[in-house]
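Step one of this worksheet: look at the structure below.
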Amino acid sequence: MDSADTDFAFPALVAARLLLAFAPLPEALKYDQQLSSPLTSYSRLREGIYLFEHGVDPYSGGAFRHSPLLLSLFSTVLPLTRYTSPIIWTAADATAAWALLQIWRLRTGAKKTSRDSQIAALYLLNPYLFLPSLALSTSSLENMLCLLALMFACRGRASASLFSLASLLQLSLPSILLLAPVLLLNITRPVSRLALPRPLDASLTRTIPLLAEFFGYTALLSVASTLVCGNPLWVQKTWGASLTLPDLTPNPGLWWYFFTEMFDHFRPFFLMVFSVHLLIYVAPLCIKFQHDFLYAAFLLVGVLAVFKPYPTLSDPGLFLSMFAIFPEIYPYLRHPIVTALIHLHASLLLPLFNSLWLRQGTGNANFFYASTLVFGMGNGAALMDAIWAGLRIAIGELSEGYEVAQE
Amino acid sequence: MDRVRSGLRGLRQRFRGQGNPTVTKIRRQRALRERLWKGLPFIRLLLFTVGYIWLLVIPSPRFGQGTYIDENALQPGQVNTYWDWDDVHNADRILADLEQLRDRNASSDEIARYAVSQFEGYGIPARTQRYSFDTVTETIKGTNAYAVLQSPRASGSEAIVISASWLSRTGEGDGTLNLRGVATLLALANYLKEYSLWAKDLVFVMSDGYLDGMQAWVTTYHGEPQPNLKAESLSLQSGVIWTALNIDYPGHSFSHVGLFFDGLNGRLPNQDLLNSVSLISRYTAGIPVLVYDHIDPREDHSQPSLLPSWLPDLLKQNSDVQEFASRARNIYRSMNYQARGAASGVHGLFHQFRIDAITLFAVPAAGPHGFHALGRALESSLRTCNNLLERLHASFFFYLLVGPGTFMKIGSYLPSAVLIGTAMLFTGLGEWIRAGWADALSAPIDGGDDDKSEKAHAEQRREGPMWRRRPRPVLEPVGIMVLTHALGVVLFYAVSSSWFAASKISGPVLYLLFSAIPLVVIRAVPSVPPSHASIPSVLKAFNLCFASAVVSITSVLNFSLAATLAVFLALPLSFASTSPSSSPSSRLAKYTAYTALALGWLVLFPGEVQKAVWNWEVLRVWFAPFVCVVYVPLVLQAGLVCLLPP
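Sequence order for the protein chains is P and C.
Under my numbering, think of the first position of the first sequence as 1, with each following residue one higher.
Under my numbering, think of the first position of the second sequence as 408, with each following residue one higher.
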């Protein structure tokens, strides 16, 4: 595709998405458990706003678990109606796609490339991303903030990047994983160094003021949230939910079934294990990929997609769409077709088993759990392959008779 | 001690090899890869053979197990029945009225009003419901009658439906009237009213037509509007329907009760309901039970033999062979309904709302049974359904009923289709790997005149091919696949249009059109550089992998459809060839063969197509769209694999 096309391709894609957003879709989409979790569901958001506007503290019940920031935003500046909501969500996706495109351009150092429209299309037409967006799941907004934080970090605009990340943290606690790579990305450059790894040359002390700035923003937003609600109950209801898993509504992740089956006296221990397990990946990935923190951030997005407490399809969707900006690793992927096939099977099995269990009543929870395991395997395979390819690329093409082994 | 240590070392050396462990590891991996690659054809052959043989031996008497009751609350056949000759007399009286209505060609409205007056005469509130369906060919009109007997013992939050349609299921609704079924329904209403033990509401429905009346009633009851259906709303409501029994009694007497259970889109009722009714019929009412209306020739010698006449007598007399034939007949019938997503009776319309329903079909015969036996069987069955404290829920929804007392669990038949799907998957993965490698030596080398280099070349050739990786095009094959599926959507709209139904030549026209469109479109396929893998080879890999996913996933939803797909797709798709030597005309011939497989039904089975479209329009059966959007494009892709220049 010529670069001249890109100027038209992006608006055309956004227009197509807007049409789709206003298409007469079944209402059931908004309640689909794969597209929105209790933390991102649109109907719960609406309920919270209704309670809030009628003077009831939405956090006094168990249904509303969105951030007070969303509450204040949607109850004042951007009211949610039948017409505004699809526009807001499409705009969020368009911004996210634009941010991804900017990251790609910054990474290649080119103003325009032939892959521009491909990248935008891979984000805007990824079914894992546009279906949650059609269901108006707030996970689309989280993805936008995540990509904005990365984009500003690539640009070297530290404050904007840290503010986006702090806002993302307000919406979803597990995103704290991205703090380290984003800080480090701010002090390095986003160009691809995967093929030429070298030790970090920037001084780590430069991150300390950035870290302080990030905590400043977080404190500011938290105070703002508390002021909006009038009490700090929201902390327990929003951030606490990610740590204590109070709502076991099924979702495509790996946590819910585990904790429905668990005896209560083991619960705190395993909650701790599951939460800490997420943190384990940060340091090794940042150390191993110290030459390319954008790649480390990408891998951590993949970790979140697999192991997050309340995932929706948006999370793996973001990870898969981000593959688009690392074309240099494609030749080194070990089993792309196997990953693709697992994803094909999982994406057909997930809705099927969900409806066999909850609509037709001929199956049971184990059916859906099995399909989430397949899905987890697919995401895990993609993540492992991305780590392998990111390391393997440094060795380059092999001459005849040589082989790479992992020790 | 030393000996132990040296022995351990020896063991370790055997497993790890000597020298650098990494080298050993790489060697082992290479050997494994090589063996896998060399063994791939055998693995495929094995999977295909085992899968197909498994499909063939499903009716074997060695498989299957006896039916049993899983839900303890059902307690089938534990009650005394009080249905007696008075009630039979009442049924006979109603039958005389109905026959009179039939003889003077009474309208649907009149018949429904008669039923309502009867119900009201017994003191049960009853109403009529008018409805009309618009299909591309006709407008179907009719009137249902229904009555709700409120439960004397509970709040009426649950209900049981007892129904009879005006037309019997004989010949899949060929117009035979179900007069005695309706008479049984009305007489039962009168009889059941006398008892105060009902814990569920009893809803009596006399539906008009064969399937259309009940579809109108049951969708209206559940408030699921259908755009082409106009139906009066139901002024009498009841609770959640848990079970439904449908009565079909077309003859003047019957010898057996046949159980019909297949529902729309391949759904089955919970097996406990079938087993309970079957037990009750046999032991409370003394009526022998059949699967469908299949009377076993071993039992009744007047029935035609199931075995072909050319079979040697030795085999014909063999009890295993006879049992195989009888099971095969049941399975074939069941798979025929299930694969097409068709309902085998009025009960099939209930499954979509999570209601367990079956039809009791009184198989017409000269005797010995009549209203008396059927009434007792129904009374006891209703008492059993009345016992339920929760919906039938155990995972008893996936089965093949091979005989009245024998069934197969999902694990004993599902692997056949999944194995064939896996074989397709391996074939596809093999194609993908093959597409990624080129023999560097098979390409002609520059300066071929040079004698020396030719010799060196030949020498290397003897050592085996020299493999080199090559890039594989991905976007182009995926684009072709998306386009063919989009074409399938267009085909579906064409098939379900009024033009298709009205015109006689529409089948052949569509056939020619849709086999020609890909011919035109592939001219736009961009060519890839010769150093890349060819598009058809990658397309074949993707096509097989996708088809395998479709087969495996469908098998959980509708085994019969998956098995049919496996039979129709597996071998044709695997044998789609990309050999470079074939001439354009032979490629075109192959493509034509594939279009015949993909679209031949348009020309060969216009009746089936019409039925499938009717089922989609009126009953929302997704068989027609599935064939157009999934099956046809998959076969067309295989045809394109043959057609595209390698």
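No residue lacks a Cβ here, since even glycine has one placed at the ideal position from N, Cα and C.
Where V809 (chain C) sits in the DSSP three-state scheme: Reduced to three states, the DSSP call for V809 (chain C) is strand.
Beta-carbon neighbours of C1035 (chain C), restricted to chain P and to distances below 7 Å: Going along chain P, no residue has its Cβ under 7 Å from C1035 (chain C), so there is no contact; the nearest lies around 18 Å.
Coarse secondary structure for K30 (chain P), derived from DSSP in three states: K30 (chain P) falls in the helix class under three-state DSSP.
Beta-ladder partner(s) of G665 (chain C), from DSSP: C:L697 and C:F768.
Residues, ordered as in the chain, of the region 39-67 of chain P that lie near chain C by beta-carbon distance below 8 Å: So nothing in the stretch comes that close.
Short CB-CB distance (under 9 Å) between E407 (chain P) and chain C: Contact with chain C is found for E407 (chain P), since one of that chain's Cβ atoms lies less than 9 Å from the residue's Cβ.
9 Å Cβ cutoff met for G693 (chain C) and A780 (chain C): In this structure, A780 (chain C) lies closer than 9 Å to G693 (chain C) by Cβ.
Sub-9 Å separation of Q482 (chain C) and T791 (chain C) beta-carbons: T791 (chain C) sits close to Q482 (chain C), with the two beta carbons spaced by under 9 Å.
Neighbouring residues, chain C, relative to H345 (chain P) (Cβ below 9 Å): Residues of chain C whose Cβ lies closer than 9 Å to the Cβ of H345 (chain P) are, in chain order, A956, S959 and I960.
Bridge partner(s) assigned by DSSP for A120 (chain P): In the DSSP assignment, A120 (chain P) forms no beta bridge with any residue.
Interface partners of F804 (chain C) on chain P, CB under 7 Å: Ordered by position in chain P, the residues that pass the 7 Å Cβ test against F804 (chain C) are T362.
Collapsed DSSP secondary structure at F470 (chain C) in the structure displayed: The three-state secondary structure of F470 (chain C), taken from DSSP, is coil.
Where K432 (chain C) meets chain P, residues with beta-carbon distance less than 8 Å: Listed along chain P are A405, each with a C-beta nearer than 8 Å to that of K432 (chain C).
Beta-carbon gap between V191 (chain P) and A297 (chain P) smaller than 9 Å: No.
Closer than 9 Å to chain C by CB, F353 (chain P): Proximity of F353 (chain P) to chain C, defined by a Cβ-Cβ separation below 9 Å, is satisfied.
Whole-angstrom distance between S67 (chain P) and I817 (chain C), CA atom to CA atom: C-alpha of I817 (chain C) to C-alpha of S67 (chain P): approximately 46 Å in a straight line.
Segment limits, alpha helix (DSSP H) that includes S515 (chain C): That run of the alpha helix (DSSP H) goes S515 to G528.
F949 (chain C), enclosing alpha helix (DSSP H) - first and last residue: It spans I942 to L964 - the alpha helix (DSSP H) in which F949 (chain C) sits, taken as one unbroken run.
Proximal residues, the region 428-459 of chain C versus chain P, C-beta separation under 7 Å: Within the region 428-459 of chain C, the residues whose Cβ lies closer than 7 Å to some Cβ of chain P are T429, K432 and I433, listed in chain order.
Contact list for the region 321-346 of chain P against chain C, Cβ threshold 7 Å: Legend: CB atoms of the region 321-346 of chain P lying less than 7 Å from CB atoms of chain C belong to residues I337, L341, L344 and H345.
Cβ neighbours of V1048 (chain C) in the same chain (closer than 7 Å, five flanking residues each side left out): Here the set comprises P943, L946, K947, N950, A983 and T985.
Meets three-Cβ-pair contact criterion under 8 Å: the region 800-812 of chain C and the region 461-477 of chain C: Segments in contact, yes.
Chain-ordered neighbours of L348 (chain P) on chain C, where CB pairs are closer than 7 Å: When 7 Å is used as the limit between beta carbons, L348 (chain P) is near these residues of chain C: A956 and I960, in chain order.
Residues of its chain near A180 (chain P), where Cβ-Cβ distance is below 6 Å and the 5 sequence neighbours each way are ignored: If we look at A180 (chain P) and ignore the five residues flanking it on each side, its Cβ neighbours are V282 and C286.
Same chain, Cβ closer than 8 Å to G109 (chain P), neighbours up to 5 away in sequence not counted: V191, listed in sequence order.
Rounded C-alpha distance that separates H265 (chain P) from P246 (chain P): Cα to Cα, H265 (chain P) sits roughly 15 Å from P246 (chain P).
Under 8 Å by beta carbon: chain P residues contacting W1104 (chain C): Residue 1104 (chain C) is absent from the model: chain C starts at 408 and stops at 1053.
Spatial distance of E407 (chain P) from P428 (chain C) (CA atoms): Take the alpha-carbon of E407 (chain P) and the one of P428 (chain C): they are about 10 Å apart.
Nearest residue (CA-CA) to E403 (chain P), options C:T488, C:L890, C:Y739 and C:R435: If we check each option's Cα against that of E403 (chain P), C:R435 comes out closest.
Given 8 Å, three or more beta-carbon pairs between the region 575-583 of chain C and the region 518-534 of chain C: No, the region 575-583 of chain C is not in contact with the region 518-534 of chain C.
Chain P within 9 Å of R761 (chain C), Cβ atoms only: By this cut-off, R761 (chain C) is an interface position.
The region 766-785 of chain C contacting the region 492-501 of chain C, beta-carbon criterion three pairs below 8 Å: They touch, by the three-pair rule.
Local conformation of F778 (chain C) per DSSP, three classes: If DSSP states are grouped into helix, strand and coil, F778 (chain C) belongs with the helices.
Inter-residue CB distance, W801 (chain C) and V958 (chain C) (contact presumed, cutoff 8 Å): Sequence check: residue 801 (chain C) is Ala here, not Trp. Going by Cβ atoms, the distance from A801 (chain C) to V958 (chain C) rounds to 27 Å, so no, they are not a contact pair.
Buried or exposed (CB count within 10 angstroms, at least 16 for buried), K237 (chain P): Classification of K237 (chain P): buried, given that the 10 Å Cβ count is 16 or more.
Beta carbon of V589 (chain C) nearer than 9 Å to that of Y553 (chain C): No; because the gap between Cβ atoms is not below 9 Å, this pair is not in contact.
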